[in-house]
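A.B. asks:
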Amino acid sequence: MSDLLRLATAGSVDDGKSTLVGRLLYDTKSVLADTLDAVHRASADRGLATPDLSLLVDGLRSEREQGITIDVAYRYFATPKRSFVLADTPGHVQYTRNTVTGASTAQLGVLLVDARKGVIEQTRRHAAVLALLGVPRLVLAVNKIDLVDYDEVTFSRIAKEFTAHATALGYTEDAVVEIPVSALAGDNVVEKSANTPWYSGPTLLEHLENVPVEPDPHDAPFRFPVQYVIRPRTAEHLDYRGYAGLVAAGTVKPGDEIVVLPSGRRSTVTKIDTMDGELTEAAAGQSVTLLLADDIDISRGDLIASAGNAPTVTDDFEATLCWLAEKPLKAGARVLVKHGTRTVQAMVTELRDRFDEQNLSSVDSPPSLELNEIGRVSLRLAEEVPLDDYSFSRRTGSFLVIDVSDGSTLAAGLVGAPLPLLEDGVESCTGGSAAAPDNHALVSPGP
Amino acid sequence: MTLALDTLGRLESEAIHIFREVAGEFDRPVILFSGGKDSTLLLHLAIKAFYPAPVPFPLLHVDTGHNFDEVIEFRDRVVAQHGLRLEVAKVQDWIDDGRLEERPDGTRNPLQTVPLLDSITQHKFDAVFGGGRRDEERARAKERIFSLRTAFGQWDPKRQRPELWNLYNGRHRAGEHVRVFPLSNWTELDVWNYIEREGIELPDIYYSHQRDVFLRDGMWLAEGPWGTAREGETLQRKTVRYRTVGDGSCTGAVESDAADIHAVIAEVAASRLTERGATRADDRLSEAAMEDRKREGYF
Ligand SMILES: Nc1nc2c(ncn2[C@@H]2O[C@H](COP(=O)(O)OP(=O)(O)O)[C@@H](O)[C@H]2O)c(=O)[nH]1
Ligand SMILES: [Mg+2]
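Protein sequences appear in the order of chains A and B.
Quick note, our numbering runs 62 ahead of the 1-based positions in the first sequence.
For the second sequence, counting from 1, position 61 maps to 60 in our numbering; every step adds exactly one.
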């Protein structure tokens, strides 16, 4: 079983995310005494009778002043079974981009709803974002269950509605779990609750400890974006020429035939080097240095791939963008695209459609993509680039869209990544007449 | 090495990837190096990232003048051993020529920001590696791995770039720079476990030893150029070690018998205090002490 789980929380403001994360940290004894003292003191200063656990995570001054979370916070905690990296992402609509950020590397999404409100617009948006970014599994924490008197019927109704939406997004039923919790009182977060005798499933922590984590597939074709060329030019290593990078997908062994893209030159791997010695094999996620049989021209930005199964090289492609900037995107925009280790000039030639994550339908040829909107576009690049589909690999199918003038990140880009669309625009997603499940939600976890 | 990376292997790979990204995209990177454990770990990872070539960056130490001798001796030895280039920005020089003023409480940690920013400007450094970890403190938990700073070195938590997948955006305008934190995802225990696994040498003061100390604000402070016990405080010999090493005037020792790496790991794993809470007066000033210093351009 994997010893690490990366998860991202999402939910709308005041649903209790910070309290839930604080509760997880508190009940797993991941909070050390001085931090806890500070929270007790700050809570008392605010006139609260019990410690406000959200203060464990809301670290910025304006967050504490306004009682909200502004930016993604990363938390680290561990139980004897697993270590967890948790991205706590804020719920305001204007911070949806943080959900995109947290989701880009998550293996599990924890969505929160307020039991009194059930599944709302923001829940559907966040679930769609998690699905689009390829987060393989979801948990719906039906929070504040204490405020609906631990009512089973309320829980079942919300759970059913959510399952229908998640199924429509391409999740299989065993990839989605709903849990009734009270972050404030602690019910079913770490300890099983006596208040929900009708619930027989796992507590949130039990689920996090036991949920399967899909490993990087070992049989995927090899992908290696070259980061840096190592040339010591010392007496000892006069002719050393190594290509440094992190294996993005698949595995590599000495003797493997490779192709360098976009040039198309071929060679053979002679050695996989690290400071700890040569390796007989390297797999996705490992930082190594490759040495090749032939002295060919390779530099940062090139991709080394398995010769038998290389990605297509193109300067013209279709992609899905999550637009993260205030400034809207219009057709004809000139931008930079950072893919792997290469940054190239690009033009957005067409806005093909905009995704309506409420109805899981799309609007053709929108005039623009606004902040937090998701849509499909056509892109033309100034140079040819080797591209994989996002559904093949989160690492080689993803890219950033960057502003040419101020360098800011404008969008998260996914090569291809068709959006999950219902065949004939159902009015709401509670209908259950979902389109054929789309397996794009089940790609391998990111870095 | 096995194919499935363990936690330390994954953290090491991530840090090496970050070093190589910076080497590939920036003109003048620099590593902040004090000789403390986090910066020693940073340097170790940088050496691994570029092996067998030398580390393609110089080091910078902002020296408060309130150092532990053992740490400075260690710093200079490591620099010589790896044939590295070290720039030292001495807070004392800034005080001597009037660019900085000594604080009434004698603490020099907050005075590091100006020499740091001046050095960045003077040497035109465009990427500055720091050993900050997100588990250290709540404001740090919101820090990016690539953190854009204005020409005044300031951090604006509300205007951070989204950091997606492992694609880092290091673009910046002339005069701006990027702080880079390769240890972002490490916890204190990961650091110690890795130090053990790799056999990394650290200054002796991280392990238990006898020292004359006095109690102030609940912390054991040592005597030094920064001063000694005041009235009502008594100097006494204790068996202590340091969990962090910073400015001597505000870095406290903890009572400890942990004389070697194994004992330190056991102690850290069992500790009920964070390393900063236990030993850093500068973080105790207010609820937002770290955020405020980061906004001003602190590490
Ligand atoms: N009754 C009740 N209140 C809760 C629960 N979880 C959170 N709250 C309260 O809901 C409010 C918002 O919580 P917070 O964690 O800041 O929400 P966030 O905006 O999603 O991070 C606070 O007043 C919490 O104390 C719960 O399970 N039950
Ligand atoms: Mg919150």
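Ideal Cβ placement from N, Cα and C applies to all residues, glycine included.
Could you check whether the Cβ of residue 50 of chain B sits closer than 7 Å to any Cβ belonging to chain A?
C.D. replies: Here the question's residue 50 of chain B lines up with position 51 in the second sequence. So yes, residue 50 of chain B belongs to the interface.
A.B. asks: Determine, using beta carbons only, whether residue 163 of chain A comes closer than 7 Å to chain B.
C.D. replies: By 1-based counting over the first sequence, the position of residue 163 of chain A is 101. Answer yes: the Cβ-Cβ gap between residue 163 of chain A and chain B drops below 7 Å somewhere.
A.B. asks: Would residue 335 of chain A be called buried (16 or more neighbouring beta carbons within 10 Å of its own) or exposed?
C.D. replies: On the first sequence, position 273 is the one that residue 335 of chain A refers to. With 16 or more other Cβ atoms within 10 Å, it is buried.
A.B. asks: Just verifying my parser: in three-state terms, what is the DSSP assignment at residue 64 of chain B?
C.D. replies: Looking up residue 64 of chain B in the second sequence gives position 65. Residue 64 of chain B falls in the coil class under three-state DSSP.
A.B. asks: For residue 327 of chain A and residue 250 of chain A, what's the separation of their Cα atoms in angstroms?
C.D. replies: Residue 327 of chain A sits at position 265 when you count from the first residue of the first sequence. Residue 250 of chain A sits at position 188 when you count from the first residue of the first sequence. As the crow flies, the alpha-carbon of residue 327 of chain A is around 57 Å from that of residue 250 of chain A.
A.B. asks: Where do the N-terminal and C-terminal ends of the beta strand (DSSP E) with residue 287 of chain A fall, by residue?
C.D. replies: As a first step, residue 287 of chain A is located in the first sequence; it is residue number 225 there, counting from the start. Start and end: 285-287.
A.B. asks: Listed in chain order, which residues of the segment 4-22 of chain B have Cβ atoms closer than 8 Å to some Cβ of chain A?
C.D. replies: 4, 5, 6, 8, 9, 11, 12, 13, 15, 16, 19, 20, 22
A.B. asks: Decide if residue 151 of chain B is buried, meaning its Cβ has at least 16 other Cβ atoms within 10 Å, or exposed.
C.D. replies: Taking the first residue of the second sequence as position 1, residue 151 of chain B is located at position 152. That one is exposed.
A.B. asks: Indicate whether at least one CB of chain B lies closer than 7 Å to the CB of residue 292 of chain A.
C.D. replies: Mapped onto the first sequence, residue 292 of chain A falls at position 230. With 7 Å as the cut-off, residue 292 of chain A counts as an interface residue toward chain B.
A.B. asks: Per DSSP, which residues does residue 299 of chain B bridge with? Please list them.
C.D. replies: Absent from the model: residue 299 of chain B. The displayed extent of chain B is 0 to 298, so no value can be given.
A.B. asks: Given residue 162 of chain A, which residues of its chain have a CB within under 8 Å of its CB, disregarding the five upstream and five downstream residues?
C.D. replies: In the first sequence, residue 162 of chain A corresponds to position 100, counting from 1. For residue 162 of chain A, where only same-chain residues beyond five positions count, the Cβ hits under 8 Å are 191, 195, 384, 386, 474.
A.B. asks: Does any residue of chain B have a CB that is nearer than 7 Å to the CB of residue 115 of chain A?
C.D. replies: Locating residue 115 of chain A in the first sequence gives position 53, where the first residue counts as 1. Not closer than 7 Å to any Cβ of chain B, the Cβ of residue 115 of chain A fails to qualify, so no.
A.B. asks: At the 7 Å Cβ level, is residue 136 of chain A part of the contact set with chain B, yes or no?
C.D. replies: One-based indexing of the first sequence puts residue 136 of chain A at position 74. Answer yes: the Cβ-Cβ gap between residue 136 of chain A and chain B drops below 7 Å somewhere.
A.B. asks: With distances taken between CB atoms, is the gap from residue 145 of chain B to residue 174 of chain B smaller than 7 Å?
C.D. replies: Locating residue 145 of chain B in the second sequence gives position 146, counting from the first residue. Locating residue 174 of chain B in the second sequence gives position 175, counting from the first residue. Not closer than 7 Å, so no.
A.B. asks: Consider the Cβ of residue 510 of chain A: report whether some Cβ of chain B lies at a distance smaller than 7 Å.
C.D. replies: Absent from the model: residue 510 of chain A. The displayed extent of chain A is 63 to 509, so no value can be given.
A.B. asks: What did DSSP end up calling residue 173 of chain B once you bin it into helix, strand or coil?
C.D. replies: In the second sequence, counting from the first residue as 1, residue 173 of chain B sits at position 174. Coil, per DSSP.
A.B. asks: Mind listing the chain A neighbours of residue 160 of chain B? Cutoff is C-beta to C-beta under 8 Å, in chain order.
C.D. replies: Indexing the second sequence from 1 puts residue 160 of chain B at position 161. Chain A residues near residue 160 of chain B: 470, 471.
A.B. asks: Compile a chain-ordered list of the residues in the segment 398-415 of chain A whose CB is closer than 7 Å to at least one CB of chain B.
C.D. replies: 400, 403
A.B. asks: Mark residue 227 of chain A as exposed unless 16 or more other C-beta atoms lie within 10 angstroms of its C-beta, in which case mark it buried.
C.D. replies: Translated into the one-based positions of the first sequence, residue 227 of chain A becomes position 165. The residue is buried, with at least 16 neighbouring Cβ atoms inside 10 Å.
A.B. asks: Roughly how many angstroms separate the alpha carbons of residue 89 of chain B and residue 27 of chain B, rounded to a whole number?
C.D. replies: Reading the second sequence from its first residue, position 90 is the one you call residue 89 of chain B. Reading the second sequence from its first residue, position 28 is the one you call residue 27 of chain B. Distance between the alpha carbons of residue 89 of chain B and residue 27 of chain B is about 21 Å.
A.B. asks: Say whether chain B places a C-beta atom closer than 7 Å to the C-beta of residue 159 of chain A.
C.D. replies: Within the first sequence, the letter at position 97 stands for residue 159 of chain A. So, interface residue.
A.B. asks: Just to confirm, does residue 76 of chain A get its C-beta within under 6 Å of one of the non-hydrogen atoms of ligand 4?
C.D. replies: Annotation note on ligand 4: not contained in the displayed structure, which lists ligand 1 and ligand 2 as its ligands.
A.B. asks: Under three-state DSSP, which class holds residue 484 of chain A?
C.D. replies: Taking the first residue of the first sequence as position 1, residue 484 of chain A is located at position 422. Confidence at residue 484 of chain A is low in this model, with a pLDDT of 49, below 50, so its placement is unreliable and the value that follows should be read with caution. Coil.
A.B. asks: For residue 208 of chain A, verify whether its CB is less than 6 Å away from any heavy atom of ligand 1.
C.D. replies: Locating residue 208 of chain A in the first sequence gives position 146, counting from the first residue. Yes, the Cβ of residue 208 of chain A comes within 6 Å of a heavy atom of ligand 1.
A.B. asks: Which residue from A/359, A/115, A/221 puts its Cα closest to that of residue 92 of chain A?
C.D. replies: As a working note, residue 92 of chain A is residue 30 in the first sequence. The option with the nearest alpha carbon to residue 92 of chain A is A/115.
A.B. asks: With burial defined as no fewer than 16 other Cβ atoms inside 10 Å of the residue's Cβ, what is the status of residue 485 of chain A: buried or exposed?
C.D. replies: As a working note, residue 485 of chain A is residue 423 in the first sequence. Note on residue 485 of chain A: pLDDT 44, under 50, position unreliable in the model; the coordinate value appears next. It counts as exposed.
A.B. asks: Name the DSSP bridge partner or partners of residue 407 of chain A?
C.D. replies: Your numbering for residue 407 of chain A matches position 345 in the first sequence. According to DSSP, residue 407 of chain A bridges with A/398.
A.B. asks: Nearest-angstrom Cα distance between residue 89 of chain A and residue 252 of chain A?
C.D. replies: Taking the first sequence and counting its residues from 1, one reaches residue 89 of chain A at position 27. Taking the first sequence and counting its residues from 1, one reaches residue 252 of chain A at position 190. Those two C-alpha atoms are separated by around 6 Å.
A.B. asks: Should residue 413 of chain A and residue 428 of chain A be called a contact, given that it needs their Cβ atoms to be closer than 7 Å?
C.D. replies: Numbered from 1 along the first sequence, position 351 holds the residue referred to as residue 413 of chain A. Numbered from 1 along the first sequence, position 366 holds the residue referred to as residue 428 of chain A. Yes, these two residues count as a Cβ contact at 7 Å.
A.B. asks: Straight-line CA distance for residue 454 of chain A to residue 51 of chain B?
C.D. replies: In the first sequence, residue 454 of chain A corresponds to position 392, counting from 1. In the second sequence, residue 51 of chain B corresponds to position 52, counting from 1. Cα-Cα distance, rounded: 34 Å.
A.B. asks: Looking at C-beta atoms only, is the number of pairs between the segment 194-202 of chain B and the segment 195-205 of chain A that lie closer than 8 Å three or more?
C.D. replies: no
A.B. asks: Relative to the alpha-carbon of residue 164 of chain A, which residue among A/178, A/148, A/175 has its alpha-carbon at the smallest distance?
C.D. replies: Here residue 164 of chain A refers to the residue found at position 102 when the first sequence is read from its first residue. Minimum Cα distance to residue 164 of chain A is reached at A/148.
A.B. asks: Is residue 385 of chain A helix, strand or coil when you go by DSSP?
C.D. replies: Within the first sequence, residue 385 of chain A is the residue found at index 323, counting from 1. Strand at residue 385 of chain A.
A.B. asks: Give a yes or no on contact between the segment 111-131 of chain B and the segment 56-67 of chain B, applying the rule of three or more CB pairs nearer than 8 Å.
C.D. replies: yes
A.B. asks: For residue 47 of chain B and residue 316 of chain A, what's the separation of their Cα atoms in angstroms?
C.D. replies: In the second sequence, counting from the first residue as 1, residue 47 of chain B sits at position 48. In the first sequence, counting from the first residue as 1, residue 316 of chain A sits at position 254. Going from the Cα of residue 47 of chain B to the Cα of residue 316 of chain A covers about 21 Å.
A.B. asks: To the nearest angstrom, how far is the alpha carbon of residue 264 of chain A from that of residue 254 of chain A?
C.D. replies: By one-based count along the first sequence, residue 264 of chain A stands at place 202. By one-based count along the first sequence, residue 254 of chain A stands at place 192. Going from the Cα of residue 264 of chain A to the Cα of residue 254 of chain A covers about 8 Å.
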